[in-house]
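A.B. asks: One structure coming up, written as structure tokens, with questions to follow.
Residue numbers (my numbering): 3 to 399.
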């Protein structure tokens, strides 16, 4: 049975939620599910924006059929060819054989690479700033390469001032009966899901995200319709401003994030003492055990906080595995503009400190202000040195 919802008089959400998905893209846990958003514009011509994931195939097709209410489908705009938004192209073409696929040159290539589509399907290739009239509405297309695939484009609908933003401005989490961000406590319940989504899925491509934001800045936008997560129709700066910070790698908050990797608790103890000292000096502090907290959550937190402390034992003459994985992720996501301090531990050949430094020095504008080395366990006679380490971090604010 269909489940749709109107966004405007002429625009209908025809997507679906998947609460059984364990790992988004096979990597990121989504215990609260994910939404696959698709939108249908009903004008003189009908336009479907993207399809959906195979996991929700039947619900999506039912929704489209219901929303069309006996009409045919004129256009299918393909903004992003990642399979969770495009795998049902053939189903749509089979059901509506007269449909025209609206793609750019790169996305046309990707469709051919991924799928076997009828060679008779009509195709309209669009370029930067091209327009398409559907009657009362005009669609304007902007290329958004590497946000977060090279073929991505977004669509601005000029009459109702709607931005169909592809994978930009989305978040993890099923919609749970709501559709608009103002229907929930977004800051409390969804901002962390949004931060984690952006920083891990798009975070490497800050310059490209900035380029997209600059393209849409001259236009009045009343609605943002992403491919995952809530539709925005109110207080758009609530979603746009954090993205401007994340995409320029500027911290949201002044404070310290401590991530530690500890085998027998001694490295953890040193990290706890530093955290306590910094709290006593009036600083905000959050802590994460890399063996318990997934790297994607910690990556998101590094985009949030101004100061970072990494504490790790030496393991097989290297960095302890979960910390090494985290640092590799941070380098891959181009974290930059952060103040950093390092704690190493090693019973006979401490090496994790210099190895952590070497990884972080691959990133831009990483200022390492303090380093501290432990052999096995922290001793009373070295406590003042650890306090001084914490004070160096405090003085760097």
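We put the beta carbon where it would ideally sit given N, CA and C, even for glycine.
Return yes when the Cβ of residue 229 is within less than 8 Å of the Cβ of residue 87, no when it is not.
C.D. replies: Numbered from 1 along the chain shown, position 85 holds the residue referred to as residue 87. Numbered from 1 along the chain shown, position 227 holds the residue referred to as residue 229. One thing to note: residue 87 has its Cβ within 8 Å of the Cβ of residue 229.
A.B. asks: Nearest to residue 328 by CA position, among 319, 313, 318, is which residue?
C.D. replies: For this step, residue 328 is matched to residue 326 along the chain shown. Nearest option by C-alpha distance: 313.
A.B. asks: Please classify residue 376: does DSSP put it in a helix, a strand, or coil?
C.D. replies: For the purposes of this step, residue 376 is taken as residue 374 along the chain shown, with counting starting at 1. Strand, per DSSP.
A.B. asks: Since residue 16 is in the alpha helix (DSSP H), which residue starts that stretch and which ends it?
C.D. replies: Stepping through the chain shown from its first residue, residue 16 is reached at position 14. Where residue 16 is concerned, there is no enclosing alpha helix (DSSP H), given that its DSSP letter is neither H nor E.
A.B. asks: Assuming residue 41 and residue 13 form a contact by the criterion Cβ under 8 Å, report the distance between their Cβ atoms to the nearest whole angstrom.
C.D. replies: Walking along the chain shown from the start, residue 41 turns up at place 39. Walking along the chain shown from the start, residue 13 turns up at place 11. Correct: roughly 6 Å between the Cβ atoms.
A.B. asks: When the Cα atoms are used, what is the spatial distance from residue 167 to residue 297?
C.D. replies: For this step, residue 167 is matched to residue 165 along the chain shown. For this step, residue 297 is matched to residue 295 along the chain shown. Approximately 27 Å between the Cα atoms of the pair.
A.B. asks: For residue 290, which residues in the same chain have their Cβ closer than 6 Å to its Cβ, ignoring the five residues on either side in sequence?
C.D. replies: Looking up residue 290 in the chain shown gives position 288. Within the same chain, Cβ atoms closer than 6 Å to the Cβ of residue 290 are found at 261, 300, the five residues on either side in sequence being excluded.
A.B. asks: DSSP has residue 263 in a bridge; who is on the other side?
C.D. replies: Along the chain shown, read from residue 1 onward, the residue named residue 263 stands at position 261. Under DSSP, residue 263 takes part in a beta bridge, and its partners are 314.
A.B. asks: Once the 5 residues before and after residue 44 are set aside, which same chain residues still bring their CB inside 6 Å of it?
C.D. replies: Taking the first residue of the chain shown as position 1, residue 44 is located at position 42. Contacts found: 12.
A.B. asks: Per the contact definition of three or more C-beta pairs closer than 8 Å, is the stretch 302-319 in contact with the stretch 187-204?
C.D. replies: yes
A.B. asks: Between residue 378 and residue 271, which are expected to be in contact by the criterion C-beta below 8 Å, what is the C-beta distance as a whole number of angstroms?
C.D. replies: Within the chain shown, residue 378 is the residue found at index 376, counting from 1. Within the chain shown, residue 271 is the residue found at index 269, counting from 1. Contact flag wrong, Cβ pair sits at about 11 Å.
A.B. asks: Tell me whether the beta-carbon of residue 136 lies closer than 8 Å to the beta-carbon of residue 100.
C.D. replies: Walking along the chain shown from the start, residue 136 turns up at place 134. Walking along the chain shown from the start, residue 100 turns up at place 98. No, these two residues do not count as a Cβ contact at 8 Å.
A.B. asks: Which class does residue 206 belong to by DSSP, given the choice of helix, strand or coil?
C.D. replies: Numbered from 1 along the chain shown, position 204 holds the residue referred to as residue 206. Looking at residue 206 - three-state DSSP - the assignment turns out to be helix.
A.B. asks: With 16 as the cutoff for other CB atoms within 10 Å, does residue 349 come out buried or exposed?
C.D. replies: Residue mapping note: residue 349 aligns to position 347 of the chain shown, counting from 1. Exposed, since its Cβ has fewer than 16 Cβ neighbours within 10 Å.
A.B. asks: What residues are listed by DSSP as bridge partners for residue 269?
C.D. replies: Taking the chain shown and counting its residues from 1, one reaches residue 269 at position 267. Paired residues: none, contrary to the question.
A.B. asks: For residue 338, which three-state DSSP category applies?
C.D. replies: In the chain shown, the residue the question calls residue 338 occupies position 336. In the structure shown, residue 338 sits in coil (DSSP, three-state: anything other than H, G, I, E or B).
A.B. asks: Decide if residue 109 is buried, meaning its Cβ has at least 16 other Cβ atoms within 10 Å, or exposed.
C.D. replies: Numbered from its first residue, the chain shown carries residue 109 at position 107. Buried is the call here.
A.B. asks: Tell me the DSSP secondary structure of residue 142 in three-state form.
C.D. replies: Along the chain shown, one-based indexing puts residue 142 at 140. In the three-state reduction of the DSSP assignment, residue 142 falls in the strand class.
A.B. asks: For residue 22, collect the residues of the same chain with a Cβ closer than 8 Å to its Cβ; drop the 5 residues on either side in sequence, then sort them by chain order.
C.D. replies: Residue numbering aside, residue 22 sits at position 20 when the chain shown is read from its first letter. Once the five neighbours on either side are set aside, the close Cβ partners of residue 22 are 35, 57.
A.B. asks: Is the beta carbon of residue 117 sitting closer than 8 Å to the one on residue 142?
C.D. replies: In the chain shown, counting from the first residue as 1, residue 117 sits at position 115. In the chain shown, counting from the first residue as 1, residue 142 sits at position 140. Not a contact, by the Cβ cut-off of 8 Å.
A.B. asks: Given a cut-off of 8 Å on the beta-carbon distance, is the pair residue 206 and residue 173 in contact?
C.D. replies: Here residue 206 refers to the residue found at position 204 when the chain shown is read from its first residue. Here residue 173 refers to the residue found at position 171 when the chain shown is read from its first residue. No, Cβ-Cβ distance for residue 206 and residue 173 is not below 8 Å.
A.B. asks: What does DSSP give as the partner residues of residue 227 in its beta bridges?
C.D. replies: Position 225 of the chain shown, counted from the start, is the residue given in the question as residue 227. Residue 227 is bridged to 166.
A.B. asks: Only counting runs of 3 or more residues, tell me where the beta strand (DSSP E) segments fall wholly within the stretch 16-75, in order along the chain.
C.D. replies: 18-20, 36-38, 41-44, 48-51
A.B. asks: Hey, would you say residue 308 sits closer than 8 Å to residue 231, going by beta carbons?
C.D. replies: Here residue 308 refers to the residue found at position 306 when the chain shown is read from its first residue. Here residue 231 refers to the residue found at position 229 when the chain shown is read from its first residue. Taking a C-beta distance under 8 Å as the contact criterion, residue 308 and residue 231 do not qualify as a contact pair.
A.B. asks: Span of the alpha helix (DSSP H) holding residue 394?
C.D. replies: Your numbering for residue 394 matches position 392 in the chain shown. Looking at the DSSP string, the run of the alpha helix (DSSP H) that includes residue 394 is 385-397.
A.B. asks: Among residues of its own chain, excluding the 5 on either side of residue 253, which ones have a beta-carbon nearer than 8 Å to its beta-carbon?
C.D. replies: Position 251 of the chain shown, counted from the start, is the residue given in the question as residue 253. Same-chain partners within the cutoff: 247, 305, 306, 307, 308, 339, 340.
A.B. asks: At what residues does the beta strand (DSSP E) containing residue 133 begin and finish?
C.D. replies: Stepping through the chain shown from its first residue, residue 133 is reached at position 131. Run containing residue 133: 133-135, per the beta strand (DSSP E) assignment.
A.B. asks: When you compare only the Cα positions, how much space is there between residue 71 and residue 64?
C.D. replies: Along the chain shown, read from residue 1 onward, the residue named residue 71 stands at position 69. Along the chain shown, read from residue 1 onward, the residue named residue 64 stands at position 62. Approximately 11 Å, taken between the alpha carbons.
A.B. asks: Between the beta-carbon of residue 212 and the beta-carbon of residue 250, is there less than 8 Å?
C.D. replies: Taking the first residue of the chain shown as 1, we reach residue 212 at position 210. Taking the first residue of the chain shown as 1, we reach residue 250 at position 248. Yes, the pair counts as a contact, with Cβ atoms nearer than the cut-off.
A.B. asks: Just verifying my parser: in three-state terms, what is the DSSP assignment at residue 343?
C.D. replies: By one-based count along the chain shown, residue 343 stands at place 341. Correct three-state label for residue 343: strand.
A.B. asks: Give, in chain order, every unbroken run of the alpha helix (DSSP H) that is at least 4 residues long and sits entirely within the stretch 276-327.
C.D. replies: 297-306
A.B. asks: Answer with buried or exposed for residue 84, where buried requires no fewer than 16 other C-beta atoms within 10 angstroms of its C-beta.
C.D. replies: Residue numbering aside, residue 84 sits at position 82 when the chain shown is read from its first letter. A residue is called buried when at least 16 other Cβ atoms come within 10 angstroms of its Cβ; residue 84 meets this threshold and is buried.
A.B. asks: Check for me: the beta strand (DSSP E) holding residue 124 runs from which residue to which?
C.D. replies: For the purposes of this step, residue 124 is taken as the residue at position 122 of the chain shown. Start and end: 124-127.
A.B. asks: What does the Cβ neighbour count give for residue 175, buried or exposed, with the cut at 16 atoms within 10 Å?
C.D. replies: Start at 1 with the first residue of the chain shown, and residue 175 comes out as number 173. By the 10 Å Cβ count, residue 175 comes out buried.
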